[in-house]
Structures are given as structure tokens and as C-alpha cells.
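Asker: Each protein sequence line maps, in turn, to chains A and B.
For any residue, its number in my numbering is found by taking its place in the first sequence, counting from 1, and adding 545.
Going by my numbering, the residue at position 83 of the second sequence is 78; the numbering climbs one at a time, nothing skipped.
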Amino acid sequence: MKIGDIQKLQEAGLISAEQRDKIVAHFKLTEDGGNRFLAIVSILGAVLVTAGIILLISAHWNEIPRGVKIAGGLLLMLAAHGGGWWLREVKGTYAKTGEALHLLGSGLFLANIALIGQIYNIESRPPDAFLLWWLGIAALPWLLRSKAQHALLLVAFGVWFGFEINQRGSYIYCGEDDRQLLLYALLGLVYLGVGYGLRRGKFADFAAVTEKLGLFIFLLFSYPLTWKEFFGRWENAQVGQWVFPAFAALALVVLLATMKNLDGLSRQWRWTWFAALLGMAVLMGSVWFGLWQTAGTAPHSYWEESRSYFAGTLALFVFCLLQVQVGLQERSPFLVNLGVVFIALVILAAYLDLLGSMARTGLMFVIGGVFLIGFGVYLEKKRRGLMRQMKLAAPGAGL
Amino acid sequence: MRFKVLLLVLGLQCVWLLCTAFVQERVLATGKVILLETRPVDPRDLLRGDYLMLSYKVSDVPTRLFSPPVKSDLASAYGTKVFVALTPGTNGFWAVTRASTNDFAGSANEVVLRGRIDPPRWGGTNSVHVAYPPAIAAQVAGPSFPRA
């Protein structure tokens, strides 16, 4: 809200001068223009100074003594946390800036691990560096009561998980194999279940971010199930076949144990939602074990097709529809919006799978473009309708 | 209380970083320096164009130097620990004289590096590609040329 708009309302006779002053005082509005210009100039100046310092350091990196580099890294990390604590806890103002500084401090711990590795040429297992990072910041979300730190912790674990999966010799090695994406999708399900579990208890504030990230990761890595030329190169002899069933069991047990915390859903809908998640896990399991491979073809050929995309497209479409319904009942705009976005993506994938080979002709480009524009407009109208419906049903939205 | 625990966590982060640095500095101060010859490999890349990637000559150990002989099916030996003995050559660079999958003590003029068999990136089947994690090698001999 700008002070100029309030002024225009008064000039139009819609509000009195007294009301204008009250609105301006209530929202603590200040004159437009000057502050914004100052902010832009300040940001540009800060970017230039930062870039200059970085260039200066990088140009003389080899000449800087090792001790100075390490001390500099540690001081930066401690200063970031110190500044964050001072802003949030001592001064009590600029809480978001303080949280951002803490986040920077946690990131700098990883940077310091990398710095030590670079200085001494330590090239041991890369996943261990991320595991160390994760362990080092594990207590910070609780200590700082910070949702951003919690999100970073989840991301850190995901990064470690990804590196561990691709580390040759790891117990959960699944490198050079498309199917590793299925494991990331399962990690998303674990996060989702953990998020449901956090809804009741001391850490309820962290529930929403865990659920959102979990569901997003799950959908993101389930999406390749809808691609035609994916999961074809499926069999890497070094991959332990037990990995997927073990992770799937873990995810489903966590979900089953925490599903009761979905207060916005009736018992029937809770089971329907669990059945949808279970169904997706079963489908992913069938892809993991290669049940959709076309018979009579060499399993090791590079671009071998898998028929799983038929089932994957249909399953993800139905899942997203259910997710939208669950979102409406849970009064969660995030669930609804994410569901609608992935419905659009699933239809796009199906369109490309079915008609993609014909898209070389000009006519197919025109038809495809018109279809996509029309479909996009329809979907956006539908989404806005759902949002209105949710707001009318209950003014206080959920997640 | 929270502030004290936060200080403890940050302290532990710093302690780990400083301890790692201390261990490596100690190796640099007390370790034996060996000179390893490098060689360029795969100097062209579709994305990066002409560039230089270096490997140590001692990273590819001829199979004839192994005692007992290594398995003919090298793929099944990936990840196996190997011990490689180096001696100084006439040109100042250290070279492989013998290797084994069993640990052994080197003679007075030898340095034994510990590594593991890795999938070959380049080269033929007459040699075994050995990866030497510098942190492990440093326990035996110290990194050859620590660069910052």
C-alpha cells in the first residue's frame, strides 16, 4: 500500500483527511520515492563492493597464508551467527535479517569444510563432507527456533542423500541408474510423514515447511515417471535391489504412524490419501524392479523404452486430483496450487509423449501452441475458482 | 540456556575445523616429501574445449608389478585396498617398483602408499588404476605438494 494511493482516495472523496491520516499512521506509511531510490543505490553499491572484495581475494588467493584463510572463514561464520543473534534476540528488531544471517552462518560452515578440504587437498568421500555439515547444523533449528534453518537442514540431508547414492561403494549406491530418482521421491514421502508427525508437539511450527518440501520433492522426482524415454536404462548390476523396498517401507511406516494428525480430513479421506501415497509407492516399486520393460528387448541398451510412462502419467494425474481435494479440505492453498501445477505438467508430458514425434511439422507446432494456451487459461481459471472456494469455506487458511 | 547451547554447537563446529587443520599441518611439518610426476590425460572436451587434466603416473600401476597377481576380472576388484611401493628415480621423481593387495613394509628407500582400485578412466588392461586419497596417503608419507 502506497501513501500516494491513500492520497488519491482522499482526493476522490472516498475518505476524509482524518481517515487518511489514520490509515497512514496505522500502516506506518512513508513518502514514496526517496527511500526506494536510496535502497536501490545501496544494494547496487553493496553488490559492487562485495564483487570487488571477492575479486581481490581470488586474485591473491595463493599468496594468502593458510592460517589467515582459515581464521577468516571462522570469523565470518561466527560473525554471521553473532550478528543474527544480536538482531533477533538482543535487539529484537529485524528478525528476518537476523534469521538470514544465521542461515548464512550455517552455509559458511559448509564453505569452511570445503575450504579446509581445498587447502589440504583432502579428497575423501564427498558425501561425508555433507554429512558433517548436516550434523553440525542439526541442532540449530531448535536452538534458533528458525523455520529457515529447518528447511536448510532438510535440504542438507537431501544433498547428503544424493551424494551418498552416487558414491561408488556406498551401501545405498544407485549411481548411473535412472532409478535413483525414485529414491529421492521416497525421501520426499519420508519428509511428508515427518511433517505430519511434527504437527502435534513442541515443533509444530516446523511441520508446514517439512510437509511442503516433502510433497514438492515427491512430486518433482515422481514426474519423470511420465516421460517416455526414461527408466529405460534401468539395470545397474551394482545397485542393491533391497534399497527401494527398504526406503519405501520406512516412508510408508512413517506416513501410517503420523497420518492421524491430519485434522482437516475425515477418517475416510485420511485413508484415501494414504492409499494414494501407497499406490504411488507401489507403482514406483514396479518401475524399480523393471516390471514395465518391453519383453524381448535387451535390458542394457541405452535408450531402451519402458512402458511405465503410461501408468505413470495416469497415476500422477489421479494423485494430483486427489491432492487438490485434500488441499481443499485441509484449507491449504499450497496443496491446491502445487496439485494444479503438476496436473498441467502431467498433461504437457502426456502431450509430448503422444504427439511429440509429430511436432516436427509446422502444423503440429501451431496446434500444440493453441492447445497449450487454451489449456493454460482453463487451468488458471479453475485454480482461481478453487482458491475462492477455499476462502469462502473458511477465512483462516491452513498451510 | 539456549545461547550457551548455541555457543557449544558453534564451538564444536570450530573445534572440528581447527582440529582437521591441525592434523594436516602436523603432517605437513613432519611428513616426508616425495616428488610425483604428472601426465596429461584426455586433453579435449566437447563442452570445455582444450584444457588440461593431470593424473599422477603412479595412478596407473602395471599389473606385472603386483605380487601376488591381481584378479583377471578387475571389475570385481574395484574398491580393493592396494599398497604401492615407490622409490626415487634418477630424474628425482618417485616411481612404482612393486605393489600388492596385502600390506607390506617398505625397505629403507621405499615409501608405501595406500590406495584403492578404481575403474579405469583411460588406458588399457595391462594396468590397474589406483586412487590415492591424499588424506590416507598422508598418513604414510605426507602429501607431495600441498597447495593452498
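Every residue gets a Cβ at the ideal spot worked out from N, C-alpha and C, and that includes glycine.
Remember, predicted model here, so these are calculated numbers, not experimental data.
Between F879 (chain A) and chain B, is any beta-carbon pair separated by less than 8 Å?
Answerer: The residue labelled residue 879 (chain A) in the question sits at position 334 within the first sequence. Chain B contact via Cβ: absent.
Asker: Does W787 (chain A) come out as helix, strand or coil in the three-state DSSP assignment?
Answerer: Within the first sequence, residue 787 (chain A) is the residue found at index 242, counting from 1. W787 (chain A): coil per DSSP, three-state reduction.
Asker: Pull the bridge partners of V79 (chain B) from the DSSP assignment, please.
Answerer: Looking up residue 79 (chain B) in the second sequence gives position 84. DSSP, once it has assigned bridges, lists B:A94 and B:L108 as partnering V79 (chain B).
Asker: Measuring only the C-alpha atoms, how far is L880 (chain A) from F751 (chain A)?
Answerer: Your numbering for residue 880 (chain A) matches position 335 in the first sequence. Your numbering for residue 751 (chain A) matches position 206 in the first sequence. Cα to Cα, L880 (chain A) sits roughly 17 Å from F751 (chain A).
Asker: Short check: CB of L800 (chain A) to CB of L737 (chain A), under 8 Å?
Answerer: Residue numbering aside, residue 800 (chain A) sits at position 255 when the first sequence is read from its first letter. Residue numbering aside, residue 737 (chain A) sits at position 192 when the first sequence is read from its first letter. In contact: L800 (chain A) and L737 (chain A) (Cβ atoms closer than 8 Å).
Asker: In whole angstroms, what is the alpha-carbon distance linking G809 (chain A) and G930 (chain A)?
Answerer: Here the question's residue 809 (chain A) lines up with position 264 in the first sequence. Here the question's residue 930 (chain A) lines up with position 385 in the first sequence. G809 (chain A) and G930 (chain A): Cα-Cα distance of roughly 20 Å.
Asker: Give the secondary structure of S846 (chain A) by DSSP, where H, G and I count as helix, E and B as strand, and everything else as coil.
Answerer: The count along the first sequence starts at 1 and reaches residue 846 (chain A) at position 301. Its pLDDT being 45, under 50, S846 (chain A) is placed unreliably in this model, and the coordinates cannot settle the point.
Asker: Applying a beta-carbon distance threshold of less than 7 Å, which residues of chain B neighbour F654 (chain A)?
Answerer: Numbered from 1 along the first sequence, position 109 holds the residue referred to as residue 654 (chain A). What F654 (chain A) touches in chain B: Q8.
Asker: Closer than 8 Å, CB to CB, is L81 (chain B) near chain A or not?
Answerer: Counting from one through the second sequence, the residue named residue 81 (chain B) turns up at place 86. Chain A contact via Cβ: absent.
Asker: Going by DSSP, what residue range makes up the alpha helix (DSSP H) through A820 (chain A)?
Answerer: As a working mapping, residue 820 (chain A) is identified with position 275 in the first sequence. R812 to W833 is the extent of the alpha helix (DSSP H) around A820 (chain A).
Asker: Identify the contact partners of G74 (chain B) in chain A, using a Cβ-Cβ distance below 9 Å as the criterion.
Answerer: Position 79 of the second sequence, counted from the start, is the residue given in the question as residue 74 (chain B). Those within 9 Å of G74 (chain B) in chain A are R713 and G714.
Asker: Answer with yes or no whether the minimum CB distance from L621 (chain A) to chain B is below 8 Å.
Answerer: The residue given as residue 621 (chain A) occupies position 76 in the first sequence. Judged by the 8 Å Cβ criterion, L621 (chain A) is not in contact with chain B.
Asker: Would you say the segment 720 to 730 of chain A touches the segment 750 to 767 of chain A, given that touching needs at least three Cβ pairs under 8 Å?
Answerer: Enough Cβ pairs lie closer than 8 Å, so yes.
Asker: I want to see whether chain A comes within less than 8 Å of L5 (chain B), judged by CB atoms only; does it?
Answerer: Within the second sequence, residue 5 (chain B) is the residue found at index 10, counting from 1. Yes, its Cβ sits closer than 8 Å to a Cβ of chain A.
Asker: My parser needs the beta strand (DSSP E) runs of 3 or more residues fully inside the segment 605 to 639 of chain A; what are they?
Answerer: Listed in chain order, there is nothing to give.
Asker: Report yes if the CB atom of A860 (chain A) is closer than 8 Å to the CB atom of G824 (chain A), and no otherwise.
Answerer: Taking the first residue of the first sequence as position 1, residue 860 (chain A) is located at position 315. Taking the first residue of the first sequence as position 1, residue 824 (chain A) is located at position 279. Contact: yes.
Asker: Can you tell me where the alpha helix (DSSP H) with P672 (chain A) in it begins and where it stops?
Answerer: Walking along the first sequence from the start, residue 672 (chain A) turns up at place 127. Residues P671 to I682.
Asker: Flag A942 (chain A) as yes if its beta-carbon sits less than 8 Å from any beta-carbon of chain B, otherwise no.
Answerer: Walking along the first sequence from the start, residue 942 (chain A) turns up at place 397. Any reading at A942 (chain A) needs caution, since the residue's pLDDT is 47, under 50, leaving its predicted position unreliable; the model's value is listed next. No, because no Cβ of chain B sits closer than 8 Å to the Cβ of A942 (chain A).
Asker: Evaluate I658 (chain A) with the Cβ neighbour count: other Cβ atoms within 10 Å of its Cβ, from every protein chain shown; 16 or more gives buried, anything less gives exposed.
Answerer: Numbered from 1 along the first sequence, position 113 holds the residue referred to as residue 658 (chain A). The residue is buried, with at least 16 neighbouring Cβ atoms inside 10 Å.
Asker: So within the segment 556 to 588 of chain A, which uninterrupted alpha helix (DSSP H) runs reach at least 4 residues, ignoring any that extend past its ends?
Answerer: Taking only runs of at least 4 residues, the alpha helix (DSSP H) segments lying wholly in the segment 556 to 588 of chain A are 562 to 571.
Asker: Measure the alpha-carbon distance for T25 (chain B) versus V18 (chain B) and round it to whole angstroms.
Answerer: Counting from 1 along the second sequence, the entry for residue 25 (chain B) is found at position 30. Counting from 1 along the second sequence, the entry for residue 18 (chain B) is found at position 23. Each residue's Cα considered, the two are about 11 Å apart.
Asker: Is G759 (chain A) near L734 (chain A), with beta carbons less than 8 Å apart?
Answerer: Along the first sequence, one-based indexing puts residue 759 (chain A) at 214. Along the first sequence, one-based indexing puts residue 734 (chain A) at 189. Yes, these two residues count as a Cβ contact at 8 Å.
Asker: Which residue's Cα is closest to the Cα of L7 (chain B): A:R815, A:I918 and A:L680?
Answerer: Taking the second sequence and counting its residues from 1, the one referred to as residue 7 (chain B) is at position 12. Cα-wise, what sits closest to L7 (chain B) is A:L680.
Asker: Output the distance between the C-alpha atoms of Y847 (chain A) and R724 (chain A), rounded to the nearest integer angstrom.
Answerer: Position 302 of the first sequence holds residue 847 (chain A). Position 179 of the first sequence holds residue 724 (chain A). Interpretation of Y847 (chain A) is limited by its pLDDT of 43, a score under 50 that renders its predicted location unreliable; the figure taken from the coordinates is listed afterwards. The straight-line gap from Cα to Cα measures roughly 14 Å.
Asker: Is there a C-beta anywhere in chain A that falls below 8 Å from the one on R194 (chain B)?
Answerer: It is not possible to answer for residue 194 (chain B), since the shown part of chain B is limited to -4 through 143.
Asker: Could one say the Cβ of T96 (chain B) lies closer than 8 Å to chain A's Cβ atoms, at least one of them?
Answerer: In the second sequence, residue 96 (chain B) corresponds to position 101, counting from 1. By this cut-off, T96 (chain B) is not an interface position.
Asker: Below 7 Å on C-beta distance, what does N657 (chain A) contact in chain B?
Answerer: Here residue 657 (chain A) corresponds to residue number 112 of the first sequence, with the count starting at 1. L12, listed in chain order.
Asker: Tell me the rounded alpha-carbon separation between V788 (chain A) and S669 (chain A).
Answerer: Numbered from its first residue, the first sequence carries residue 788 (chain A) at position 243. Numbered from its first residue, the first sequence carries residue 669 (chain A) at position 124. Those two C-alpha atoms are separated by around 24 Å.
Asker: In its own chain, which residues sit with a C-beta less than 7 Å from the C-beta of V754 (chain A), not counting the 5 before and 5 after it?
Answerer: As a working mapping, residue 754 (chain A) is identified with position 209 in the first sequence. Taken in chain order, the residues that qualify are K692, H695 and A696.
Asker: Would you mind giving the Cβ-Cβ distance between R93 (chain B) and L49 (chain B), rounded to the nearest angstrom? I have them listed as a contact below 8 Å.
Answerer: Here residue 93 (chain B) refers to the residue found at position 98 when the second sequence is read from its first residue. Here residue 49 (chain B) refers to the residue found at position 54 when the second sequence is read from its first residue. With 8 Å as the limit, R93 (chain B) and L49 (chain B) do not qualify as a contact, their Cβ atoms being about 24 Å apart.
Asker: Could one say the Cβ of A625 (chain A) lies closer than 8 Å to chain B's Cβ atoms, at least one of them?
Answerer: By 1-based counting over the first sequence, the position of residue 625 (chain A) is 80. So, not an interface residue.
Asker: Can you pull the chain A neighbours of V146 (chain B), defined as C-beta to C-beta under 8 Å?
Answerer: Since the first residue shown for chain B is -4 and the last is 143, residue 146 (chain B) is missing from the structure and cannot be characterised.
Asker: Just the chain B side, please: which residues come within less than 7 Å of I585 (chain A) by C-beta, in chain order?
Answerer: Position 40 of the first sequence, counted from the start, is the residue given in the question as residue 585 (chain A). Simply none; closest approach about 35 Å.
Asker: Within the same chain, show all residues whose beta-carbon is closer than 7 Å to that of V569 (chain A), passing over the 5 residues directly before and after it, in chain order.
Answerer: Numbered from its first residue, the first sequence carries residue 569 (chain A) at position 24. The residues are I548 and I551.
Asker: What's the call for K757 (chain A), buried or exposed, on a 16-neighbour Cβ count within 10 Å?
Answerer: As a working note, residue 757 (chain A) is residue 212 in the first sequence. Label assigned to K757 (chain A): buried.
Asker: With 8 Å as the limit, tell me which residues of the segment 629 to 643 of chain A have their beta carbon closer than that to any beta carbon of chain B; keep them in chain order.
Answerer: Correct list: W630 and E634.
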